[in-house]
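Input: a single structure, listed below in structure tokens.
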Amino acid sequence: AHLLVPDVSLPTVEECAADYQARLDALLRQHAPDGPHLTTLSLAPDGSVGSVFPEWYMHGCGERARWDLATQQRFGVICPSTTSFECPQRVAVNLRVVRKSVHILVFTGNAPGSGEASSS
-2 AHLLVPDVSL
8 PTVEECAADY
18 QARLDALLRQ
28 HAPDGPHLTT
38 LSLAPDGSVG
48 SVFPEWYMHG
58 CGERARWDLA
68 TQQRFGVICP
78 STTSFECPQR
88 VAVNLRVVRK
98 SVHILVFTGN
108 APGSGEASSS
């Protein structure tokens, strides 16, 4: 079994994302070229899916480029940001990873600690 998570001990979010992308590419190439077996993501009250925040891809300069990153055809890692949560900067997989997953574990909830999990 393989569990892949971002290495948040790295000095910058960009280094964290680059490292996560390299490890994701290697893992998928070696063990799951068609997509991961399981992906976890959250559905939040602000409309975000897996840290793809509407305010990140809909507002500000480069909005089309941001949406393209989130929906690109290759398995990728993105660095979205938000003002809606305590942790404003995120490192997350793009929606291609989610779409190609065999199983998806979804966390939902309106308040911290009130989430419930469901799987598809």
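Using the numbering used here, read the sequence shown as starting at -2 and increasing by one per residue. In this text, a Cβ means the ideal position worked out from N, Cα and C, and glycines have one as well. Note that this is a predicted model, so its numbers are computed, not measured.
*Residues of its chain near Pro51, where Cβ-Cβ distance is below 6 Å and the 5 sequence neighbours each way are ignored*: Gly44
_Selection from Gly106, Phe82, Arg96 that minimises the alpha carbon distance to Gly32_ = Arg96
*With DSSP run on the structure shown, which of helix, strand or coil describes Pro3?*
coil
*If I'm right that Thr105 touches Leu40 with Cβ under 8 Å, what's the distance once you round it to whole angstroms?*
5 Å
*Where do the ends of the alpha helix (DSSP H) carrying His28 lie?*
10 to 28
*Nearest to Glu123 by CA position, among Asp65, Ile75, Arg71, Leu0, is which residue?*
Past the boundaries of the shown model lies residue 123; the chain is included only from -2 to 117, so the question cannot be answered.
*Label Arg63 either buried or exposed according to how many other C-beta atoms from any shown protein chain fall within 10 Å of its C-beta, with 16 as the threshold for buried.*
buried
*Assigned secondary structure, Val99 (DSSP; H/G/I helix, E/B strand, else coil)*: coil
_C-alpha distance - Ala15 paired with Val99, whole-angstrom precision_ = 24 Å
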